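Visitor: Numbering-wise, my numbering comes out as the position in the sequence shown, counting from 1, plus 1328.
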Amino acid sequence: MAEKDIDKIEPVDVDINGNAQANPPNFKQIPPAPTNKPPVIVWIGLGALVIVALFVVFVLPTIVSEYELPLERRAETDSQRAPQTATSATTNISPFEEAQRAIQRKDAQDVLAELLAQQQTLDDMEVTQWGQAAYAAALEQASIGDEYYRNQDFILARNSYASGRDSLTRIIESIPTVLSQTLVDAQKALEEGNSAQAQEKFRLALLLDPTNEVARVGAERARSLDDVTALVATADRQLQARELQASRESYRAALNLDSHNDYARNQITVVSQLITEAEFARIMSSGYTLLQNGEPEEAIAAFNRASAIGINQDQAAAAIIQAENDIANVEISRLRALIAAAETNEDWQQAVDEYDNVLAIDANLVFAIEGRDYAAKRAQLDRLLVASLGSPERFAEDTVFQETRDIYFTGRAIDEPGPKLQKQLDELQVLLENSQASIEIQLISDNLTDVTLLRVGTLGLFEQTSLSLKPGVYVAVGKRAGYREVREEFTVGFGKTPDAVIVRCEERVATTTRR
């Protein structure tokens, strides 16, 4: 073959696995030669075919024979022991067909590689614990592809591998559902106190999702579950035995080991409430004991301490009111004794003051309201009698006399007046009677002084005169030109009547001489 003809041979493509890609030669339409010799292009084509055949026969089997399957090295076969037979069989396949089979083999290997990657992922997630049936079925489907691969039916092998890969893909896609159910099972085991199962389930959940916070927390709780369960059981027994302080400490110890244990947390609240109620009851009981022992002030202090705890404050308030009422009753009883003594002694103003003290404690007490009204009237009568007895000379005035008579008869109308009032009325009666009897009185002057007796009239000038006057206080006024006026006050009756009343103007008034 001429050198210029060799330059026209088309190159043969080789794939990444070293398999030859047989490209159909580019046969051009050449006009027939005028001679009987074959055209040059025919020689070139024949040369190319020879080269391709040699490559396929000697080179390609060496490249592809190292592995029969992607998962296992080819075992020594009869074809290797008898290369003449294999070579003879290979020579029956065209280079193009061999190239196509190489492509198909690579496609099957690529799908198988994806399948193996997914298989490794699932193995790392311990798929046999949660998806054994589907996983085994997927591998069984893939193993069928191995048989096709061994028989070099690469298309069917690829399809089988793809079916297995897709099954594994569906298993991977089911992981969120499996994870959710695993967490449900783990939580159930945790609630049932099954530490081993809870730990295993949470461990599996972390394999499925290493970042899952629920699984992480659950795994921590599962590890301390046995200790927490024992502490909670102890706390429950202590609570039933009313060992409240010890029970709360046990619940707190459990919560320290498992900060997410809602039961222990709730029980701490329950026991704390019971402790508070017990303390409230203890203090209230001591308060009532003090109250029964006649120590209401101390009882109120105890009830206030109970109220400060913050529970059942209405009960504490009612107890305080009861204690205050006891105090009030004791004080009212004491005041009533003072009132009775004051009324017996006819010290009515003192009785009024004590009634006021009672009403300050309870303004609605009827006995105090009515008693004060009566005592106030008696106190007023007493003051009027004292005033009347202290100034009987005023009885000479008709208005005063009438007022005093009214006072007198008011006193006489009182049932069981008492010795003090009776004495006052008797004395006043005498004074009133005497105040109306006239008494002869002597008045002496100098016949130079003009005398006037107030409330009686003008007496004029005289040296001596006498008048009949009712008991009372009188004033005699004397006037004289050039002399200072004189006033003489005197009392008639009541044992105070003077022997004579002298009215004389004797002090000369100094006058100024005009020049």
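Think of the CB as a built atom: it goes at the ideal place given N, C-alpha and C, for glycine as much as any other residue.
Computed from a predicted model, the values in this text were never measured in an experiment.
In the DSSP assignment, the alpha helix (DSSP H) including residue 1754 goes from what residue to what residue?
Guide: Indexing the sequence shown from 1 puts residue 1754 at position 426. Its alpha helix (DSSP H) spans residues 1747-1762.
Visitor: Name the residue from 1789, 1785 and 1806 whose alpha carbon lies nearest to the alpha carbon of residue 1796.
Guide: Residue mapping note: residue 1796 aligns to position 468 of the sequence shown, counting from 1. Residue 1785 is the option with its Cα nearest to residue 1796.
Visitor: Name the two residues that bound the continuous beta strand (DSSP E) containing residue 1815.
Guide: The residue you call residue 1815 lines up with position 487 of the sequence shown. Looking at the DSSP string, the run of the beta strand (DSSP E) that includes residue 1815 is 1814-1820.
Visitor: Identify the residues that DSSP records as bridge partners of residue 1802: which are they?
Guide: As a first step, residue 1802 is located in the sequence shown; it is residue number 474 there, counting from the start. BP columns for residue 1802 point to 1818.
Visitor: I'd like to confirm the pairing. Which residues does DSSP put opposite residue 1796 in its beta bridges?
Guide: Indexing the sequence shown from 1 puts residue 1796 at position 468. DSSP output for residue 1796 lists 1768 as bridge partner(s).
Visitor: Report the rounded CA-to-CA distance for residue 1626 versus residue 1640, giving the unit in angstroms.
Guide: To locate residue 1626, count along the sequence shown from 1; it is residue 298. To locate residue 1640, count along the sequence shown from 1; it is residue 312. Approximately 20 Å between the Cα atoms of the pair.
Visitor: Check this for me: beta carbons of residue 1807 and residue 1778, under 8 Å apart or not?
Guide: On the sequence shown, residue 1807 is found 479 positions in, with the first residue counted as 1. On the sequence shown, residue 1778 is found 450 positions in, with the first residue counted as 1. It is a contact, given that the beta carbons lie within the stated cut-off.
Visitor: By a C-beta neighbour count over all protein chains shown, 10 Å radius and 16 as the cutoff for buried, is residue 1694 buried or exposed?
Guide: As a working mapping, residue 1694 is identified with position 366 in the sequence shown. Exposed, by the Cβ-count rule.
Visitor: Spell out a yes or no on whether the segment 1669-1680 and the segment 1693-1710 are touching, meaning 3 or more CB-CB pairs, one atom from each, closer than 8 Å.
Guide: Yes, since at least three Cβ pairs between the segment 1669-1680 and the segment 1693-1710 fall closer than 8 Å, the two stretches touch.
Visitor: Residue 1447: buried (16+ other C-beta within 10 angstroms of its C-beta) or exposed?
Guide: Stepping through the sequence shown from its first residue, residue 1447 is reached at position 119. Residue 1447 is buried by the Cβ-count criterion.
Visitor: Contact between the segment 1522-1532 and the segment 1540-1556 is defined here as three or more beta-carbon pairs at a separation below 8 Å; is this criterion met?
Guide: The segment 1522-1532, when compared against the segment 1540-1556, does touch it at the 8 Å Cβ threshold.
Visitor: Applying the criterion that 16 or more other CB atoms from any shown protein chain within 10 Å of the CB defines a buried residue, is residue 1546 buried or exposed?
Guide: Against the sequence shown, residue 1546 aligns to sequence position 218. Burial call: buried.
Visitor: For residue 1486, which residues of its own chain have a beta-carbon under 6 Å away from its beta-carbon, when the five flanking residues on both sides are left out?
Guide: Against the sequence shown, residue 1486 aligns to sequence position 158. Once the five neighbours on either side are set aside, the close Cβ partners of residue 1486 are 1435, 1436 and 1439.
Visitor: Quick check on the burial criterion: 16 or more other C-beta atoms within 10 angstroms. Buried or exposed for residue 1751?
Guide: As a first step, residue 1751 is located in the sequence shown; it is residue number 423 there, counting from the start. By the 10 Å Cβ count, residue 1751 comes out exposed.
Visitor: Pick helix, strand or coil for residue 1570, following the three-state DSSP scheme.
Guide: Locating residue 1570 in the sequence shown gives position 242, where the first residue counts as 1. It is coil, neither helix nor strand.
Visitor: Once you ignore the five residues that flank residue 1831 on each side, which residues in its own chain have a CB closer than 7 Å to its CB?
Guide: One-based indexing of the sequence shown puts residue 1831 at position 503. For residue 1831, where only same-chain residues beyond five positions count, the Cβ hits under 7 Å are 1771, 1773, 1777, 1779, 1804, 1806, 1814 and 1816.
Visitor: Is it buried or exposed, residue 1417, if we count other Cβ atoms within 10 angstroms and call 16 or more buried?
Guide: As a working mapping, residue 1417 is identified with position 89 in the sequence shown. Unreliable placement is indicated for residue 1417, whose pLDDT of 45 sits below 50; the coordinate value is still reported in the next sentence. Exposed: under 16 other Cβ atoms inside 10 Å.
Visitor: Going by C-alpha distance, which of 1746, 1671, 1726 and 1730 is nearest residue 1701?
Guide: For the purposes of this step, residue 1701 is taken as residue 373 along the sequence shown, with counting starting at 1. Minimum Cα distance to residue 1701 is reached at 1671.
Visitor: Where do the N-terminal and C-terminal ends of the alpha helix (DSSP H) with residue 1780 fall, by residue?
Guide: Numbered from 1 along the sequence shown, position 452 holds the residue referred to as residue 1780. That residue, residue 1780, is in no alpha helix (DSSP H); its beta strand (DSSP E) goes 1778-1781.
Visitor: Using only CA atoms, which one of 1721, 1660, 1683 and 1687 lies nearest to residue 1704?
Guide: The residue given as residue 1704 occupies position 376 in the sequence shown. Comparing Cα positions, the closest option is 1683.
Visitor: Do the segment 1505-1519 and the segment 1470-1481 make contact, defined as three or more Cβ pairs closer than 8 Å?
Guide: The segment 1505-1519 is not in contact with the segment 1470-1481.
Visitor: Hey, is the segment 1536-1546 in contact with the segment 1563-1572, meaning 3+ C-beta pairs nearer than 8 Å?
Guide: Verdict: no, contact absent.
Visitor: Can you tell me the Cα-Cα spacing of residue 1395 and residue 1510, whole angstroms?
Guide: Counting from 1 along the sequence shown, the entry for residue 1395 is found at position 67. Counting from 1 along the sequence shown, the entry for residue 1510 is found at position 182. Per-residue confidence for residue 1395 stands at a pLDDT of 39, beneath the threshold of 50, marking its modelled position as unreliable; no derived number is given.
Visitor: Taking buried to mean at least 16 other C-beta atoms within 10 Å of its own C-beta, is residue 1492 buried or exposed?
Guide: Looking up residue 1492 in the sequence shown gives position 164. Residue 1492 comes out buried.
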